[in-house]
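Student: Questions regarding the structure given below will be posed in turn.
Numbering (our numbering), first residue to last: 4 to 140.
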(Lines of atoms letter the chains of each structure in order from A and count residues from 1; the text may use other names and numbers.)
(Lines give C-alpha, C1' and ligand atoms only; values in the text may rest on other atoms or scores of the structure.)
Protein backbone atom coordinates (compact mmCIF):
# COMPACT_ATOMS: atom_id res chain seq x y z
CA UNK A 1 0.00 0.00 0.00
CA UNK A 2 2.83 2.40 0.80
CA UNK A 3 4.50 1.85 -2.58
CA UNK A 4 1.22 2.53 -4.37
CA UNK A 5 0.80 5.87 -2.58
CA UNK A 6 4.43 6.79 -3.38
CA UNK A 7 3.92 5.96 -7.08
CA UNK A 8 0.98 8.31 -7.18
CA UNK A 9 2.99 11.10 -5.53
CA UNK A 10 5.86 10.87 -8.04
CA UNK A 11 3.62 10.99 -11.06
CA UNK A 12 5.15 12.97 -13.94
CA UNK A 13 2.15 15.24 -13.84
CA UNK A 14 3.09 16.55 -10.40
CA UNK A 15 4.18 20.23 -10.63
CA UNK A 16 7.28 19.77 -8.46
CA UNK A 17 8.55 16.93 -10.72
CA UNK A 18 8.20 19.12 -13.81
CA UNK A 19 9.95 22.00 -12.05
CA UNK A 20 12.81 19.74 -10.92
CA UNK A 21 13.19 18.34 -14.43
CA UNK A 22 13.30 21.87 -15.89
CA UNK A 23 15.89 22.92 -13.28
CA UNK A 24 18.14 19.94 -14.09
CA UNK A 25 17.84 20.60 -17.84
CA UNK A 26 18.73 24.27 -17.31
CA UNK A 27 21.78 23.33 -15.22
CA UNK A 28 22.95 20.87 -17.89
CA UNK A 29 22.55 23.49 -20.61
CA UNK A 30 24.44 26.09 -18.53
CA UNK A 31 27.27 23.61 -17.92
CA UNK A 32 27.45 22.85 -21.65
CA UNK A 33 27.61 26.57 -22.51
CA UNK A 34 30.31 27.14 -19.87
CA UNK A 35 32.33 24.22 -21.22
CA UNK A 36 32.08 25.54 -24.78
CA UNK A 37 33.14 29.05 -23.66
CA UNK A 38 36.15 27.62 -21.81
CA UNK A 39 37.20 25.63 -24.89
CA UNK A 40 36.90 28.76 -27.06
CA UNK A 41 38.93 30.81 -24.54
CA UNK A 42 41.63 28.10 -24.41
CA UNK A 43 41.87 28.06 -28.21
CA UNK A 44 42.09 31.86 -28.33
CA UNK A 45 44.89 31.82 -25.73
CA UNK A 46 46.79 29.14 -27.65
CA UNK A 47 46.57 31.19 -30.87
CA UNK A 48 47.72 34.33 -29.04
CA UNK A 49 50.73 32.49 -27.59
CA UNK A 50 51.62 31.21 -31.04
CA UNK A 51 51.43 34.71 -32.55
CA UNK A 52 53.59 36.08 -29.73
CA UNK A 53 56.19 33.36 -30.28
CA UNK A 54 56.23 34.19 -34.02
CA UNK A 55 56.74 37.88 -33.26
CA UNK A 56 59.62 37.16 -30.90
CA UNK A 57 61.28 34.85 -33.42
CA UNK A 58 60.98 37.48 -36.17
CA UNK A 59 62.49 40.13 -33.89
CA UNK A 60 65.44 37.90 -33.08
CA UNK A 61 66.09 36.97 -36.73
CA UNK A 62 65.86 40.52 -38.10
CA UNK A 63 68.09 41.91 -35.32
CA UNK A 64 70.66 39.11 -35.88
CA UNK A 65 70.30 38.10 -32.25
CA UNK A 66 70.91 41.61 -30.86
CA UNK A 67 67.40 41.78 -29.41
CA UNK A 68 66.83 38.65 -27.37
CA UNK A 69 63.59 37.74 -25.74
CA UNK A 70 63.21 36.13 -22.38
CA UNK A 71 60.54 33.61 -21.59
CA UNK A 72 58.37 35.07 -18.89
CA UNK A 73 54.88 35.24 -17.51
CA UNK A 74 53.05 38.46 -16.88
CA UNK A 75 51.28 38.93 -13.59
CA UNK A 76 48.44 41.39 -13.93
CA UNK A 77 47.44 43.66 -11.08
CA UNK A 78 43.66 43.85 -11.30
CA UNK A 79 43.63 47.01 -9.15
CA UNK A 80 45.63 49.11 -11.65
CA UNK A 81 45.08 50.05 -15.26
CA UNK A 82 47.49 48.70 -17.82
CA UNK A 83 48.40 49.81 -21.29
CA UNK A 84 48.84 47.49 -24.25
CA UNK A 85 50.49 48.76 -27.40
CA UNK A 86 49.93 46.88 -30.63
CA UNK A 87 52.74 46.79 -33.16
CA UNK A 88 52.60 45.32 -36.62
CA UNK A 89 55.27 43.76 -38.78
CA UNK A 90 54.31 42.52 -42.17
CA UNK A 91 56.41 41.40 -45.07
CA UNK A 92 55.82 40.53 -48.69
CA UNK A 93 55.40 36.75 -48.86
CA UNK A 94 57.68 36.66 -51.93
CA UNK A 95 60.63 38.22 -50.06
CA UNK A 96 63.29 36.70 -47.81
CA UNK A 97 63.51 37.03 -44.06
CA UNK A 98 66.93 37.34 -42.50
CA UNK A 99 69.19 39.57 -40.41
CA UNK A 100 69.15 43.28 -41.29
CA UNK A 101 72.20 44.28 -43.36
CA UNK A 102 72.95 47.20 -41.02
CA UNK A 103 73.33 44.76 -38.10
CA UNK A 104 75.74 42.39 -39.85
CA UNK A 105 79.30 42.83 -41.05
CA UNK A 106 82.82 41.37 -40.96
CA UNK A 107 82.94 41.51 -37.15
CA UNK A 108 79.30 40.50 -36.74
CA UNK A 109 78.39 37.72 -39.22
CA UNK A 110 74.74 36.64 -39.61
CA UNK A 111 73.78 33.98 -37.07
CA UNK A 112 70.47 33.13 -38.79
CA UNK A 113 70.05 31.92 -42.36
CA UNK A 114 67.82 33.75 -44.82
CA UNK A 115 64.51 32.03 -45.42
CA UNK A 116 61.58 32.85 -47.75
CA UNK A 117 58.84 34.58 -45.75
CA UNK A 118 56.10 32.19 -46.88
CA UNK A 119 58.23 29.17 -45.89
CA UNK A 120 58.98 30.74 -42.50
CA UNK A 121 55.29 31.19 -41.69
CA UNK A 122 54.30 27.74 -42.99
CA UNK A 123 57.05 26.02 -40.99
CA UNK A 124 56.52 28.11 -37.87
CA UNK A 125 52.77 27.57 -37.60
CA UNK A 126 53.04 23.88 -38.50
CA UNK A 127 55.05 23.21 -35.32
CA UNK A 128 53.71 22.77 -31.81
CA UNK A 129 54.06 25.78 -29.56
CA UNK A 130 57.22 24.89 -27.70
CA UNK A 131 59.27 27.93 -26.72
CA UNK A 132 61.89 29.08 -29.21
CA UNK A 133 62.33 25.75 -30.99
CA UNK A 134 61.82 27.13 -34.51
CA UNK A 135 65.00 29.19 -34.30
CA UNK A 136 67.02 26.29 -32.94
CA UNK A 137 66.01 23.86 -35.70
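Glycine included, each C-beta is placed from N, C-alpha and C at the ideal position.
Could you round the C-beta distance between residue 151 and residue 105 to whole angstroms and report it? I think they count as a contact, below 8 Å.
Tutor: The first residue shown for the chain is 4 and the last is 140, placing residue 151 beyond what the model contains.
Student: Rounded to the nearest angstrom, how far is the Cβ of residue 113 from that of residue 102, given a contact under 8 Å?
Tutor: For the purposes of this step, residue 113 is taken as residue 110 along the chain shown, with counting starting at 1. For the purposes of this step, residue 102 is taken as residue 99 along the chain shown, with counting starting at 1. With 8 Å as the limit, residue 113 and residue 102 qualify as a contact, their Cβ atoms being about 4 Å apart.
Student: Using the rule of at least 16 other Cβ atoms within 10 Å of the residue's Cβ for burial, across every protein chain shown, is residue 130 buried or exposed?
Tutor: In the chain shown, the residue the question calls residue 130 occupies position 127. Residue 130 comes out exposed.
Student: Are the stretch 53-70 and the stretch 122-129 touching by the rule of at least three beta carbon pairs closer than 8 Å?
Tutor: Contact holds: three or more Cβ-Cβ distances are below 8 Å.
Student: On the CB-based measure, 16 or more other CB atoms within 10 Å of its CB, does residue 63 come out buried or exposed?
Tutor: Along the chain shown, read from residue 1 onward, the residue named residue 63 stands at position 60. It is buried - the Cβ of residue 63 has at least 16 other Cβ atoms within 10 Å.
Student: How about residue 82 and residue 107: are their beta carbons less than 8 Å apart?
Tutor: On the chain shown, position 79 is the one that residue 82 refers to. On the chain shown, position 104 is the one that residue 107 refers to. No, the pair does not count as a contact, with Cβ atoms beyond the cut-off.
Student: What would DSSP say about residue 118, mapped onto helix, strand or coil?
Tutor: In the chain shown, residue 118 corresponds to position 115, counting from 1. DSSP places residue 118 in strand when its eight states are reduced to three.
Student: Could you pull out every residue in the same chain whose Cβ sits closer than 6 Å to the Cβ of residue 5, ignoring the five residues on either side in sequence?
Tutor: The residue given as residue 5 occupies position 2 in the chain shown. With a pLDDT of 46 at residue 5, under the threshold of 50, the modelled position of that residue is not reliable, and the figure given next carries that caveat. Excluding sequence neighbours, residue 5 sits near nothing in its chain.
Student: Helix, strand or coil: how does DSSP classify residue 84 here?
Tutor: In the chain shown, counting from the first residue as 1, residue 84 sits at position 81. Three-state result, residue 84: coil.
Student: If we ignore side chains and look at the alpha-carbon of each, how far apart do residue 60 and residue 118 end up?
Tutor: Position 57 of the chain shown, counted from the first residue, corresponds to residue 60. Position 115 of the chain shown, counted from the first residue, corresponds to residue 118. Taking the straight line joining both Cα atoms gives about 13 Å.
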